[in-house]
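Presented below is the structure to which this report refers.
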Amino acid sequence: MLVPTTMPGVTDPQAAALLQPRWARARGSLLTALAGCPWTIVALCVLALVVTVAVDGFAVWPVLPVVGAVVPAVLALASVRGLVSEPPRWVRAAFLTGGVQLLLGVFPAVGFATNAGGAGAVTATVVLVLALAAVALGVFFARRAMQALLTPVSRELGATPFTVAVRARLHDTGLVSGSVSIGRAGLEWAARRHRATGHGHLSFSELRDVVPTMLPGTSGPVPWLALSDGSVAQAVPGPAVLLRTSSQDVLLPVDEPHVFVELLSVRVAAWRATQFRCTAEARR
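Residue numbers (the working numbering): 771 to 1054.
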């Protein structure tokens, strides 16, 4: 099955039961974004080809846009299984699939249909409008799938294989965004301002302690992460999470720090149990 109907990768029955309604909603939206919308665009390109051939006669060149639309759709289907555990990547995958289909399929198909004239020109307009709508809907449903699965953040998500991303609370001086992601073996945090980016990573093996804390508001925004252009993303005072390792402390400016800590604790416990089993099996 392309996307499992039951919550994948969860061994805790209680967590699976609590999260199954979320997964049911997310699954439908994900399939619409990465299967339904791309293949709708393929059908529109086929329609443009049929009308072009009917008006202008058969030629090889008008077939190529259909191929250009089919290839990204096939690749999107092939990648769905690998993307299931990466909700933060769903929106990007839908956007890239639709964008490539527009460039390689829709725009050339519309051009051929327009040049055919008559019914071809009318069809070209319809195909273009519907294809643009399909791309927008694909991105919308991908975002909807991610939000249905990950919102609100709860400790039960720690028992899943999904990468859980939450917003980092940053002082916005213009197009600043940040996130903190909990993966299967570590944490990542990132910030972006225009083209400048900054990243950090910490594996679970380095983690010694995790505690909720507060960023005091007396001194204003606090420097948080260096960006590639030499500037620094600043965190807004408020709730936060403190990660302690043997070599450094890392502060993550996230809302609902107690929920974040519970989720992370569940994920770390599952990772350590897996590492223990792998070590035990290796010694046999």
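Each residue gets a CB set at the ideal place from its N, CA and C atoms; glycine is no exception.
Nearest by alpha-carbon distance to A1039: which of L772, G987, A1052 and V980 is it? The sequence position of residue 1039 within the sequence shown is 269, counting from 1. Ranked by how close their Cα comes to the Cα of A1039, the residues L772, G987, A1052 and V980 have V980 in first place.
For S947 and R925, the rounded distance between their alpha carbons: Numbered from 1 along the sequence shown, position 155 holds the residue referred to as residue 925. Numbered from 1 along the sequence shown, position 177 holds the residue referred to as residue 947. Distance between the alpha carbons of R925 and S947: 24 Å.
For R937: DSSP bridge partner residues: To locate residue 937, count along the sequence shown from 1; it is residue 167. Within the DSSP secondary-structure output, R937 pairs in a beta bridge with S949.
I need the DSSP call for G881, collapsed to helix, strand or coil. On the sequence shown, position 111 is the one that residue 881 refers to. Of the three classes helix, strand and coil, the one that applies to G881 here is helix, per DSSP.
Are A818 and V870 close, meaning C-beta to C-beta below 8 Å? The residue you call residue 818 lines up with position 48 of the sequence shown. The residue you call residue 870 lines up with position 100 of the sequence shown. Not closer than 8 Å, so no.
Can you check DSSP and say which residues form a bridge with L1021? Numbered from its first residue, the sequence shown carries residue 1021 at position 251. Answer by DSSP bridge pairing, in chain order: L1012.
Just verifying my parser: in three-state terms, what is the DSSP assignment at V780? Mapped onto the sequence shown, residue 780 falls at position 10. Looking at V780 - three-state DSSP - the assignment turns out to be coil, as it is neither helix nor strand.
In terms of residue numbering, what span does the beta strand (DSSP E) encompassing D979 cover? Locating residue 979 in the sequence shown gives position 209, counting from the first residue. L977 to L985 is the span of the beta strand (DSSP E), which, as asked, contains D979.
Taking just the CA atoms, how far does A883 sit from A901? For this step, residue 901 is matched to residue 131 along the sequence shown. For this step, residue 883 is matched to residue 113 along the sequence shown. About 14 Å.
Reference F974, options G987, L985 and G956, closest by Cα: Here residue 974 refers to the residue found at position 204 of the sequence shown. It is G956 whose Cα lies nearest to the Cα of F974.
Please return the same chain residues whose Cβ sits closer than 6 Å to the Cβ of L919, not counting the five positions on each side in sequence. Residue 919 sits at position 149 when you count from the first residue of the sequence shown. For L919, where only same-chain residues beyond five positions count, the Cβ hits under 6 Å are R792, A796 and P857.
DSSP three-state call for T967: helix, strand or coil? Position 197 of the sequence shown, counted from the start, is the residue given in the question as residue 967. Strand.
Please tell me whether A1003 and A961 are closer than 8 Å, where the distance is taken between their beta carbons. Counting from 1 along the sequence shown, the entry for residue 1003 is found at position 233. Counting from 1 along the sequence shown, the entry for residue 961 is found at position 191. It is a contact, given that the beta carbons lie within the stated cut-off.
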